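What follows is one structure encoded as structure tokens, with my remarks underneath.
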Amino acid sequence: MNNRERTIIIFNRKIPDRLVWQPRLHHWYYVNKARGTLPKKYEGYDLLEIYDDLGASPRAYHYFNDTIRCVEGEGVELHRMEDRDYIYTKYVTPKGKLIQVERKTEYGVASMRVEYFLKSTDDFEILAYILRRQRFEFDKELYLEREKLLGDRSEPIINVPWGSIQRLFIAYMGFERGLIALWRHKEKVEWLLQVFDENDDERFKIIKRAPFKIVNFGDNIDENLCSPSLFKKYMLPYYQRRTKELHEVGKFCTSHWDGKVKHLLPLAKETGLDGLECVPPEPQGNVTLKELREELKLNGMILVDGIPAIYFLPIFDVNRLKSFVYDLLDLFAPNIIVGISDMLPPDGDIERVRLVGEIVANYIPNAYKL
């Protein structure tokens, strides 16, 4: 049995021969490569070679997200440029211009938005003009190329960008400005969210026809940014609609809940999701392992990840990590794809990744917790 097969078996709530260890190492790898601090052993290795050496499986959306492309419509110009410190993105349309500025971080391998496309509700019409003219394409050749590259290391997954109110907050307007707009101009915001839905309709048409069996909603859910009331109003209908149509074509659905989510977990059962990705338990998040286990068991969901990233830092005793991993497996196996919530930090100890992999490989899942 290989990791592709194990993954689908786990999503089908059956018992694999062993669990899958799937830490996200991309950020660790590219930061250390950029600053020249990769472990000597791994100098000259590509990332997949490191995964193989560690006996780990890569999270496949890092390889497959590019297979679904957004094509801008007629009358829309998209310009990108960058200098040493910033990335500039500009849309030019007959309705006006939108500009976003991102500051490069961590040796240029990541970035953060410092200026958002939407400065006020006056910009909503411009964004709507852009979104209503976009179309989406599936690159089958690239998919087959990436599938061949990964082999049986991982089951292909596609990420869906932020949905509904999370897209407004994270991608286009920022939390503070977006929340003020929602408070003062609710009708305008909800009109724009409907435009987001129309845009998503086109994206999901392509996703439903693509060969992916697992779709991950990359929503970065945190109750401090998306409160239970906002979640019920905007995210819950979004999840219910999209998971229903994906289930109808035989796909599994997960979502990236990588923040504090204790007060949102009781709502998870209403989403239609098959699993939650990246939920950080205490001491990194605000939910205990047992609380998380009870909610997911009640909802019939699986957990993807589950080990707080901070336990891979040298400042934490390695025995604390080992104890946590055994507790995690005892509570969740076989309904878990084991990983790091959220990813290995640049200063994380890569040998701890190997250690956890050995624990996972030798852990025998059983049926009594299904």
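Per the numbering used here, the very first residue in the sequence shown carries number 17; after that it's consecutive. Note that CB positions come from ideal geometry on N, CA and C, so glycine has one too. Predicted model only: the values in this text are computed from it and were never measured.
Evaluate residue i with the Cβ neighbour count: other Cβ atoms within 10 Å of its Cβ, from every protein chain shown; 16 or more gives buried, anything less gives exposed.
i: Leu-94; result: exposed
i: Tyr-67; result: buried
i: Tyr-153; result: For the sequence presented, residue 153 should be read as Glu rather than Tyr. So Glu-153 counts as exposed.
i: Trp-199; result: exposed
i: Val-295; result: buried
i: Ala-377; result: exposed
i: Met-128; result: exposed
i: Arg-22; result: buried
i: Ser-339; result: exposed
i: Gly-316; result: exposed
i: Ser-357; result: buried
i: Gly-52; result: exposed
i: Asn-382; result: exposed
i: Leu-280; result: buried
i: Met-97; result: exposed
Is it the case that the Cβ atoms of residue i and residue j are separated by a distance below 7 Å?
i: Glu-293; j: His-272; result: yes
i: Val-303; j: Thr-270; result: no
i: Tyr-123; j: Ala-76; result: no
i: Leu-329; j: Gly-364; result: yes
i: Val-369; j: Leu-160; result: no
i: Thr-137; j: Ala-197; result: yes
i: Phe-13; j: Pro-227; result: With the chain covering 17 to 386 only, the question about residue 13 has no answer from this structure.
i: Phe-268; j: Phe-27; result: yes
i: Ile-326; j: Gln-300; result: yes
i: Tyr-255; j: Gly-291; result: no
i: Val-87; j: Arg-183; result: no
i: Gly-266; j: Trp-37; result: no
i: Asp-155; j: Asn-18; result: no
i: Ile-375; j: Val-341; result: yes
i: Thr-109; j: Ile-84; result: no
i: Asn-232; j: Asn-175; result: yes
For residue i, write down the residues that DSSP places opposite it in a beta bridge.
i: Ser-357; result: Pro-324
i: Ser-170; result: According to DSSP, which records beta bridges pairwise, Ser-170 is partnered with nothing at all.
i: Gly-112; result: Thr-109
i: Glu-293; result: His-272, Val-320
i: Tyr-104; result: Met-97, Val-117
i: Trp-37; result: Val-354
i: Glu-153; result: Arg-85
If residue i sits next to residue j, beta carbons under 8 Å apart, how far is it from one beta carbon to the other, in whole angstroms?
i: Tyr-379; j: Leu-134; result: 47 Å between Cβ atoms; not a contact.
i: Gly-179; j: Phe-185; result: Contact flag wrong, Cβ pair sits at about 11 Å.
i: Glu-286; j: Leu-252; result: 6 Å
i: Pro-39; j: Gly-355; result: 5 Å
i: Phe-140; j: Lys-224; result: In fact, because the Cβ distance is near 28 Å, the residues do not count as touching under 8 Å.
i: Lys-113; j: Tyr-104; result: Going by Cβ atoms, the distance from Lys-113 to Tyr-104 rounds to 12 Å, so no, they are not a contact pair.
i: Ile-24; j: Lys-229; result: 7 Å
i: Asp-62; j: Leu-158; result: Asp-62 to Leu-158, Cβ: 18 Å. No contact.
i: Tyr-145; j: Met-189; result: That belief does not hold up - the Cβ atoms of Tyr-145 and Met-189 are roughly 16 Å apart, past 8 Å.
i: Ile-181; j: Leu-208; result: Ile-181 to Leu-208, Cβ: 10 Å. No contact.
DSSP three-state label for residue i, please.
i: Thr-270; result: strand
i: Gly-194; result: helix
i: Val-373; result: At residue 373 the sequence reads Gly, which differs from the Val that was named. Looking at Gly-373 - three-state DSSP - the assignment turns out to be helix.
i: Trp-178; result: coil
i: Tyr-132; result: coil
i: Asn-240; result: coil
i: Val-125; result: coil
i: Met-97; result: strand
i: Lys-120; result: strand
i: Val-231; result: strand
i: Val-341; result: helix
i: Glu-310; result: helix
i: Ala-284; result: helix
i: Phe-332; result: coil
i: Asn-215; result: helix
i: Lys-202; result: helix
i: His-43; result: helix
Check whether chain C comes within 7 Å of residue i, counting only Cβ atoms and requiring the distance to be less than that.
i: Arg-22; result: Considering every chain present, this structure includes no chain C. It has just one protein chain.
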